[in-house]
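Participant:
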Amino acid sequence: MIHGLFALRRAPVHNATSQLLRRTFAPARHNPTPFVRRLQSQAWEPLRPPNPAHLPKPRPRKIKPPFTRRKWVRRLAIVSALLGTGYLFDKQFYASSITRSLRTFYTGLLIGLDYKINFRAHPPLADSIEDLHARNAKRIFDLLRHNGGLYLKIGQAIAMQSAILPPEFQKMFQKMFDDAPQNEWREVEQVVREDFGKSVEEVFGVSFTQEEGKGMMEKTARASASVAQVHWARLADGREVAIKIQKKEIAQQVGWDLWAFKVVAKAYTWWFEIPVYTLVPYISERLMLETDFENEANNAEEMRHLVHNEPRLAGRVYIPSVYRELSSKRVMTAEWIEGVRLWDKEGITNRWQGGWRRGSPGAGGTQLPPIPKTNTKLDTSFPPDAPKHAAFKPDRKDWKGKDHKGGLGVSLKTTMNTIVDLFSAQMFLWGAVHCDPHPGNIFIRRLPNGQPEVVLIDHGLYIRMSPNFRHQYSLFWKSLLAFDNETIQDIATSWGVGHADIFASATLMRPYQGGDNSVMQELKKGAQGKDAAERAFAMQAKGRDAIKLMLADDKKWPQELIFIGRNLRIVQGNNQFLGSPVNRIKITGLWASRALVESKDLKYSERWANWLKHLRFRCVLVLTDVAFYWSRIKQLTGFGLGMEDDIEERMRVMAKDFGVELNHGVFEG
Numbered sequence: 006m007i008h009g010l011f012a013l014r015r016a017p018v019h020n021a022t023s024q025l026l027r028r029t030f031a032p033a034r035h036n037p038t039p040f041v042r043r044l045q046s047q048a049w050e051p052l053r054p055p056n057p058a059h060l061p062k063p064r065p066r067k068i069k070p071p072f073t074r075r076k077w078v079r080r081l082a083i084v085s086a087l088l089g090t091g092y093l094f095d096k097q098f099y100a101s102s103i104t105r106s107l108r109t110f111y112t113g114l115l116i117g118l119d120y121k122i123n124f125r126a127h128p129p130l131a132d133s134i135e136d137l138h139a140r141n142a143k144r145i146f147d148l149l150r151h152n153g154g155l156y157l158k159i160g161q162a163i164a165m166q167s168a169i170l171p172p173e174f175q176k177m178f179q180k181m182f183d184d185a186p187q188n189e190w191r192e193v194e195q196v197v198r199e200d201f202g203k204s205v206e207e208v209f210g211v212s213f214t215q216e217e218g219k220g221m222m223e224k225t226a227r228a229s230a231s232v233a234q235v236h237w238a239r240l241a242d243g244r245e246v247a248i249k250i251q252k253k254e255i256a257q258q259v260g261w262d263l264w265a266f267k268v269v270a271k272a273y274t275w276w277f278e279i280p281v282y283t284l285v286p287y288i289s290e291r292l293m294l295e296t297d298f299e300n301e302a303n304n305a306e307e308m309r310h311l312v313h314n315e316p317r318l319a320g321r322v323y324i325p326s327v328y329r330e331l332s333s334k335r336v337m338t339a340e341w342i343e344g345v346r347l348w349d350k351e352g353i354t355n356r357w358q359g360g361w362r363r364g365s366p367g368a369g370g371t372q373l374p375p376i377p378k379t380n381t382k383l384d385t386s387f388p389p390d391a392p393k394h395a396a397f398k399p400d401r402k403d404w405k406g407k408d409h410k411g412g413l414g415v416s417l418k419t420t421m422n423t424i425v426d427l428f429s430a431q432m433f434l435w436g437a438v439h440c441d442p443h444p445g446n447i448f449i450r451r452l453p454n455g456q457p458e459v460v461l462i463d464h465g466l467y468i469r470m471s472p473n474f475r476h477q478y479s480l481f482w483k484s485l486l487a488f489d490n491e492t493i494q495d496i497a498t499s500w501g502v503g504h505a506d507i508f509a510s511a512t513l514m515r516p517y518q519g520g521d522n523s524v525m526q527e528l529k530k531g532a533q534g535k536d537a538a539e540r541a542f543a544m545q546a547k548g549r550d551a552i553k554l555m556l557a558d559d560k561k562w563p564q565e566l567i568f569i570g571r572n573l574r575i576v577q578g579n580n581q582f583l584g585s586p587v588n589r590i591k592i593t594g595l596w597a598s599r600a601l602v603e604s605k606d607l608k609y610s611e612r613w614a615n616w617l618k619h620l621r622f623r624c625v626l627v628l629t630d631v632a633f634y635w636s637r638i639k640q641l642t643g644f645g646l647g648m649e650d651d652i653e654e655r656m657r658v659m660a661k662d663f664g665v666e667l668n669h670g671v672f673e674g
């Protein structure tokens, strides 16, 4: 029975299958198939395998390889080899310029981020603002010293303007004036051969083997600075010369260094909203010219001609001769100068023991005494402590006496008067200004009449003033001392200076008393009733605002003022170092007024009118003499240090109102 049931249930399936097969292979018929049967027959189809050609290709299974130290060591070795090759290539062909630039960008980014994050009353990542300044001052100092070359020049420029920087920067940058290491002799030979196509012996006619009829030259430099070093030599004709040779790497580095300087300045201008980048191209151009010794020779010859033709300076100032036939873009040969550096006060003032009516060696352009025949030692080595060990240049210190305690026996007042006269004439009469008058570039000699002679060297950094700007600057200085506020304001506005009284104080290097002081009073406000940290931050922020106020329109601002201000600051420091023997401000003002009178563009009637104004101006300057002699009396009686120190103290008080802390002696050159 069960079997029959299964048979009954299988029968429809069998019949349906048979019918489906007959319908598939039999010819088509026209009789219609019942609906239910048709539905059942179409519900099932046989399973057909897919076409292999249409199937996707099988993917190989990814098996993560086990960690192998050897592979990573190989990769590290390849990267190290590439970096090492790049470093050596940069060092060999670019004098490490790319490495120096990368170091600059890294340090600049680090400092920028540090100030962006932490320059606030309570720094999140520093103990105080002073700590923030200290660590960034060290970063900049380390960068400049490590990179060397033109970076040292930039560092020295920063150091000369360190009075406007925080005290931490002032302390750190006092070390920027140390002597730079000198190049080895083979590098000196290479520079000479590249510029002249000859050896040192052939160019200068010297011998290192005591060959008869030849000159002699020291291989050890007498002085070494950031850009060049100076060697003493005696030519075959008897002339003693100073051979200034540029360091070999400078020519390759200067372009990269100035480019990196521009990039960092541009970034900081955008980042901190301080308009400094507009000044960078002009500064870079001056620094580039300083590495061109042909330009320096041109400046020296021009200044020699100007001094010689100025009766008020001829016989008081001496500019060494330049020997063009022995000079090039990287080598300059000039007259050797024997003298006392300006920083040697005892050497200038101690009693003269060189004989009556005699001058110091070379004074007045006289020929130096010949070298003793016994002095034939030749320097063919490069001592590690160079340049302490001299080779064979004669000492010529017999004028110091047997006890070696003698000096030139000249007056500090006369000496400093000549120095201020010289640089005032450059600014107001000639418009050609020596911008690096620090004591190392000024020698003092004694003339046979007992008067001092000032010798100015190193003429690489000069600026030129147009006649119109020179006239404006002369009028500005005269107006400062005459308290002509209307003229001061007009000139300051034409220069794009936002507030004339701030700029007047910066020009005089002393607080200006003739303005309305409205800006200073405004800047003094807003720092009351806060804790010490917030007050310090507020005052330093005001210092930054004061710079923005002074540079209201940086497109009009005469860029020459950067280096003129540098000159004024160094000259003030020189006067202060010597004990403030002269009234520097009065002397400078007199030259400014005299330049307005002696202008060749004036008509005859205008010249007479200006002479009358000049006489009235001299009467006004009597007031400055009263202040000067009062300071001298206090200085001589032990109650004061001198006029420049009094001015510095007043500037320190004024600067504090702007959030700037001035250390003692920031004006010293």
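For what it's worth, the numbering used here labels the leading residue of the sequence shown as 6, then goes sequentially.
Even glycine gets a Cβ: it sits at the ideal position worked out from N, Cα and C.
(1) Identify, in the order they occur along the chain, each residue of the same chain with its Cβ nearer than 6 Å to the Cβ of LYS560, setting aside the five sequence neighbours on each side.
(2) Using a Cβ distance threshold of 8 Å, determine whether the region 125-136 contacts the region 84-94, with at least three qualifying pairs required.
(3) Would you mind working out which of LYS591, SER229, TYR120 sits nearest LYS249, comparing C-alpha positions?
(4) Which residues in the same chain have their Cβ closer than 7 Å to the Cβ of PRO128, if we skip the five residues on either side of it in sequence?
(5) How about GLU315 and SER326: do their beta carbons lie closer than 8 Å?
(6) So is ASP426 buried or exposed if we call it buried at 16+ other beta carbons inside 10 Å?
(7) Taking contact to mean at least 3 C-beta pairs separated by less than 8 Å, is the region 264-277 in contact with the region 233-240?
(8) Between THR629 and the rest of its own chain, which residues show a CB-CB distance below 8 Å, the 5 nearest in sequence each way excluded?
(9) My assumption, with CB atoms under 8 Å, is that GLY411 sits in contact with ASN355. Please give the rounded CB distance.
(10) To the nearest angstrom, how far is the alpha carbon of GLU565 from that of LEU292?
(11) Just tell me which of ALA497, GLY160, ARG140, LEU149 has its CA closest to the CA of GLU173.
(12) Look at ALA437 and TYR478 and say whether their C-beta atoms are less than 8 Å apart.
(13) Could you spell out where the alpha helix (DSSP H) holding ILE447 opens and where it closes?
(14) Where does VAL211 fall in DSSP's three states?
(15) Go ahead and pull the three-state DSSP assignment for ALA256.
(16) Can PHE622 and LYS483 be called in contact, C-beta distance under 8 Å?
(17) Assign ILE324 to one of three DSSP states: helix, strand, or coil.
(18) Unbroken alpha helix (DSSP H) runs of length 4 or more, entirely within the region 325-355: which are they?
(19) Going residue by residue through the region 61-129, where are the continuous alpha helix (DSSP H) segments of at least 4 residues, counting only ones entirely within it?
(20) Does the Cβ-Cβ distance between GLY5 and LEU413 come in under 8 Å?
(21) Nearest CA to the CA of HIS439: which residue from LEU461, GLY445, ALA142?
(22) Keeping to the same chain, check which residues put their C-beta closer than 6 Å to that of GLU299; ignore five residues upstream and five downstream.
(23) Are LEU148 and THR109 touching if we call contact CB-CB under 8 Å?
(24) Hey, how far is the Cα of MET421 from the Cα of GLN581?
(25) Can the beta-carbon of ARG244 be found less than 8 Å from the beta-carbon of ALA368?
(26) Which residue from ARG317, ARG475, GLN577 puts its Cα closest to that of HIS443?
(27) At which residues does the alpha helix (DSSP H) containing HIS476 begin and terminate?
(28) Here's a check: name, in chain order, each residue in its chain whose Cβ is nearer than 6 Å to the Cβ of HIS100, leaving out the five neighbours to either side.
(29) In this structure, does DSSP put TYR151 in helix, strand or coil?
(30) On the CB-based measure, 16 or more other CB atoms within 10 Å of its CB, does ASN473 come out buried or exposed?
(31) Helix, strand or coil for LEU583? Go by DSSP, reduced to three states.
(32) In or out: HIS504 buried (at least 16 other Cβ within 10 Å) or exposed?
(33) Ordered along the chain, which non-local residues of its own chain (more than five positions away) have a Cβ less than 6 Å from that of GLY113?
(34) Are ILE116 and ARG144 touching if we call contact CB-CB under 8 Å?
(35) Enumerate in chain order the residues of its own chain whose CB-to-CB distance from ALA600 is below 6 Å, with the five nearest sequence positions on each side excluded.
Facilitator: This is what the structure gives:
(1) Against the sequence shown, residue 560 aligns to sequence position 555. Counting only residues of its own chain and dropping the five nearest sequence neighbours on each side, LYS560 has no CB closer than 6 Å to any other CB.
(2) Segments in contact, no.
(3) Within the sequence shown, residue 249 is the residue found at index 244, counting from 1. For the residues LYS591, SER229, TYR120, the minimum Cα distance to LYS249 belongs to SER229.
(4) Taking the first residue of the sequence shown as position 1, residue 128 is located at position 123. The residues are ILE134, LEU137.
(5) Counting from one through the sequence shown, the residue named residue 315 turns up at place 310. Counting from one through the sequence shown, the residue named residue 326 turns up at place 321. No, the pair does not count as a contact, with Cβ atoms beyond the cut-off.
(6) Start at 1 with the first residue of the sequence shown, and residue 426 comes out as number 421. Classified as buried, ASP426 has 16 or more neighbouring CB atoms from the shown chains inside 10 Å of its CB.
(7) The region 264-277 makes no contact with the region 233-240; the number of CB pairs closer than 8 Å stays below 3.
(8) Working through the sequence shown from its first residue, we reach residue 629 at position 624. Result list for THR629: LEU486, ASN588, ILE590, LYS591, GLY594, in chain order.
(9) In the sequence shown, the residue the question calls residue 411 occupies position 406. In the sequence shown, the residue the question calls residue 355 occupies position 350. With a Cβ gap of about 6 Å, GLY411 and ASN355 count as contacting.
(10) Within the sequence shown, the letter at position 560 stands for residue 565. Within the sequence shown, the letter at position 287 stands for residue 292. Using only the alpha carbons, I get a separation of about 13 Å.
(11) Here the question's residue 173 lines up with position 168 in the sequence shown. Among ALA497, GLY160, ARG140, LEU149, the Cα nearest to that of GLU173 belongs to ARG140.
(12) Looking up residue 437 in the sequence shown gives position 432. Looking up residue 478 in the sequence shown gives position 473. No. Outside cutoff.
(13) As a first step, residue 447 is located in the sequence shown; it is residue number 442 there, counting from the start. Per DSSP, ILE447 is not a residue of any alpha helix (DSSP H); the beta strand (DSSP E) it occupies stretches across 447-451.
(14) For this step, residue 211 is matched to residue 206 along the sequence shown. Residue state, collapsed to three classes: strand.
(15) By one-based count along the sequence shown, residue 256 stands at place 251. Secondary structure at ALA256: helix, using DSSP grouped into helix, strand and coil.
(16) Position 617 of the sequence shown holds residue 622. Position 478 of the sequence shown holds residue 483. Yes.
(17) Your numbering for residue 324 matches position 319 in the sequence shown. Coil, per DSSP.
(18) Restricted to the region 325-355, the alpha helix (DSSP H) segments that are unbroken, complete and at least 4 residues in length are 350-354, listed in chain order.
(19) Every alpha helix (DSSP H) stretch that sits fully inside the region 61-129 and reaches 4 residues is listed by chain position as 74-98, 102-123.
(20) As displayed, the chain neither begins before 6 nor continues past 674, which places residue 5 out of reach and without an answer.
(21) Locating residue 439 in the sequence shown gives position 434, counting from the first residue. The candidate whose alpha carbon is nearest that of HIS439 is LEU461.
(22) Locating residue 299 in the sequence shown gives position 294, counting from the first residue. Result list for GLU299: LYS334, in chain order.
(23) In the sequence shown, counting from the first residue as 1, residue 148 sits at position 143. In the sequence shown, counting from the first residue as 1, residue 109 sits at position 104. Yes. Within cutoff.
(24) Position 416 of the sequence shown holds residue 421. Position 576 of the sequence shown holds residue 581. Computed Cα separation, rounded: 10 Å.
(25) By one-based count along the sequence shown, residue 244 stands at place 239. By one-based count along the sequence shown, residue 368 stands at place 363. For ARG244 and ALA368, no; Cβs fall outside 8 Å.
(26) In the sequence shown, residue 443 corresponds to position 438, counting from 1. Ranking ARG317, ARG475, GLN577 by Cα distance to HIS443 puts GLN577 first.
(27) Here residue 476 corresponds to residue number 471 of the sequence shown, with the count starting at 1. Segment 472-487, the alpha helix (DSSP H) holding HIS476.
(28) The count along the sequence shown starts at 1 and reaches residue 100 at position 95. Here the sequence assigns Ala to residue 100, which means His is not the residue at that position. Same-chain partners within the cutoff: GLU254, GLN257, GLN258.
(29) Sequence index remark: in the sequence shown, residue 151 carries index 146 (1-based). Here the sequence assigns His to residue 151, which means Tyr is not the residue at that position. In the structure shown, HIS151 sits in a helix (DSSP, three-state: H, G or I).
(30) Within the sequence shown, residue 473 is the residue found at index 468, counting from 1. Counting of Cβ neighbours within 10 angstroms places ASN473 among the exposed residues, the total staying below 16.
(31) In the sequence shown, the residue the question calls residue 583 occupies position 578. Of the three classes helix, strand and coil, the one that applies to LEU583 here is coil, per DSSP.
(32) For this step, residue 504 is matched to residue 499 along the sequence shown. Per the 10 Å Cβ criterion, buried.
(33) Stepping through the sequence shown from its first residue, residue 113 is reached at position 108. If the five residues before and after GLY113 are omitted, its C-beta is found closer than 6 Å to the C-beta atoms of VAL269, all from its own chain and listed in chain order.
(34) Along the sequence shown, read from residue 1 onward, the residue named residue 116 stands at position 111. Along the sequence shown, read from residue 1 onward, the residue named residue 144 stands at position 139. Note that the C-beta distance between ILE116 and ARG144 is below 8 Å.
(35) Along the sequence shown, read from residue 1 onward, the residue named residue 600 stands at position 595. Spatial neighbours of ALA600 in its own chain (CB-CB distance under 6 Å, excluding positions within 5 residues in sequence) are listed in chain order as PHE433, LEU434, SER479.
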